DNA sequence: GGTGGTTTGTCAAAACTTTGTCGACAAATG
DNA sequence: CATTTGTCGACAAAGTTTTGACAAACCACC
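Residue numbers (the working numbering), protein chains in the order written: chain A, 1 to 223; chain D, 224 to 446.
Structure, rendered in structure tokens:
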């Protein structure tokens, strides 16, 4: 996930970076409020970790400005132990959670995850990606090399399974079950649908992704 | 606000009571998990404070049972300092926040308020916006490109869900549940309502927002 | 390496399903 | 009792799925 850390204490920033970056999260840093606000306004983060006491512009003001600019990114405030009343202010300014310094980075991670689970599209499926082919199961949008493609329901079902299983081979019988449920057709109509799917996702492009595995099934993968 | 405190340590319960009751909050108490669950299921609280270690039934199980019974009341977990991993479990079970013992009651209050604010924001306010289409769930005012529009109740329900889910596709069955509850009509009357909604929000404008996804449902989005 | 049966690719037309449109009428609202 | 709202049926339009027919590719075996 993509995070913005606004914190003037280098030790704390590095501590966070050391823990979260190895876990695959992408972090941006700002050392004061003005810089942090600029970054937050110009980029799209999954969450923002915001120190309360910052040079140039304090955390509460940063948070207020964000909300005033209609940016709903979850914000976690960092406060010193004796600033409990500031927390109330922080929540008033639109913060979503806070942590008392000194805090464990693991605790930060737990709270980040809780926030994202709550706010960030609850119950949504992940976008499927194979090479330059994208399929979003929520919007049902399909695109390849950035160009949008139109699929009908059967084609979507086939594509979804092929992408989920990629780069593995999916057996014909399995694809038939996906489309027609427990009573598959006795003729070989799957062929026609694979053909039409191929026409849409492969025909107009140089490299082919959907490969036939003779007398087994199909597989979607690069090369 | 009406709170349920599930905690086997009398000192802690009393501490909470002494601080919150004078402020006008109404508290109920349970000394073990079974009792707590029973109270939570039979009454309507604004929030529940739930100890992790409880006699008879632990806090995580209580929380899980609540969610399984479709009760969305905010839950704050109380954990000992060395139970950080349990927090992950707690969030997984559906808890909304947690506090590390020993905690200040003032901090509990801050977190309770934050939770309720979050809930209220979700349940009541928040104007919905998709492209130049606006819907305020409080005033029930709908407008597009600044021009006010008049919707009837069913159209509003449909629009609200479509806007909340935008740009995702919303399935017909889901829209039917939104409008008619658990027993959807056996005919296809949703079509007529979507048609009339479309007449109001799209017909008089150049760009169309409400798109049909054949044999799936509808989606509200730009382009 | 040729041979023949099997599997796969191709495509257009036919059969079918879902959706848009709208007028008529019943039910709810105030 | 007038107006708004919700339900229904009918038909045309749009979109989807199946069918069937032939050609090309594949594979096993002589």
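The beta-carbon is built from N, C-alpha and C at its ideal position, and this holds for glycine as well. As the structure is a prediction and not an experimental result, all values here were calculated from the model.
Bounds of any alpha helix (DSSP H) do not take in residue 151 of chain A, whose DSSP letter is neither H nor E.
Residue 393 of chain D and residue 134 of chain A have their alpha carbons spaced roughly 20 Å apart.
In the displayed model, residue 130 of chain A falls within a strand according to three-state DSSP. At least 8 Å separates the CB of residue 248 of chain D from every CB of chain A.
Look at residue 391 of chain D: its C-beta is under 8 Å from a C-beta on chain A. The beta-carbon distance between residue 60 of chain A and residue 93 of chain A, rounded to whole angstroms, is 5 Å. This is short enough to meet the 8 Å contact definition. Burial is judged here by how many other beta carbons sit within 10 angstroms of a residue's own beta carbon; residue 98 of chain A has at least 16 and is buried. Counting other Cβ atoms within 10 Å of its Cβ, residue 388 of chain D reaches 16 or more and is therefore classed as buried. Around the beta carbon of residue 215 of chain A, fewer than 16 other beta carbons sit within 10 angstroms, so the residue counts as exposed. Boundaries of the beta strand (DSSP E) around residue 48 of chain A: 47–51. In the structure shown, residue 97 of chain A falls within a strand segment according to DSSP collapsed to helix, strand and coil. In this structure, the CA atom of residue 406 of chain D is about 53 Å from the CA atom of residue 33 of chain A. For residue 414 of chain D, the enclosing alpha helix (DSSP H) has its first and last residue at 413–424. For residue 437 of chain D, the nearest CB of chain A lies under 8 Å from its own CB, placing it at the interface with that chain. One alpha carbon belongs to residue 244 of chain D, the other to residue 378 of chain D, and they sit about 44 Å apart. Residue contact with chain A for residue 286 of chain D: absent (no Cβ-Cβ distance below 8 Å to any residue of chain A).
Using a CB distance below 8 Å, the part of the stretch 151–184 of chain A facing chain D consists of 152, 153, ordered along the chain.
CA-to-CA, the gap between residue 319 of chain D and residue 298 of chain D works out to about 5 Å. The three-state secondary structure of residue 435 of chain D, taken from DSSP, is strand.
The straight-line gap separating the alpha-carbon atoms of residue 430 of chain D and residue 375 of chain D is approximately 22 Å. According to DSSP, residue 30 of chain A shares a beta bridge with A:6. Under the three-state reduction of DSSP, residue 140 of chain A is assigned to coil, being neither helix nor strand. Note on geometry: alpha-carbon atoms of residue 49 of chain A and residue 229 of chain D lie some 32 Å from one another.
Under the three-state reduction of DSSP, residue 23 of chain A is assigned to helix.
Taking a beta-carbon distance threshold of 8 Å, residue 73 of chain A does not count as an interface residue toward chain D.
Taking residue 138 of chain A as reference, the option from D:252, D:444, D:409 with the minimal CA-CA separation is D:444.
In chain order, 184 place their CB closer than 8 Å to the CB of residue 177 of chain A, counting only its own chain and leaving out the 5 sequence neighbours on each side. Interface residue (Cβ-Cβ distance to chain D less than 8 Å): residue 139 of chain A is classified as such. For residue 277 of chain D and residue 254 of chain D, the gap between their C-alpha atoms comes out near 8 Å. Per DSSP, the unbroken alpha helix (DSSP H) holding residue 59 of chain A starts and ends at 59–68.
Secondary structure of residue 36 of chain A (DSSP, three-state): helix. Membership of residue 71 of chain A in any alpha helix (DSSP H) is not indicated, and neither H nor E is assigned to it by DSSP. Within its own chain, the residues whose Cβ lies closer than 6 Å to the Cβ of residue 260 of chain D, once the five positions on either side in sequence are excluded, are 285, 288, listed in chain order. Here DSSP, grouped into helix, strand and coil, assigns residue 223 of chain A to coil.
Around the Cβ of residue 41 of chain A, a 10 Å sphere holds fewer than 16 other Cβ atoms; the residue is exposed.
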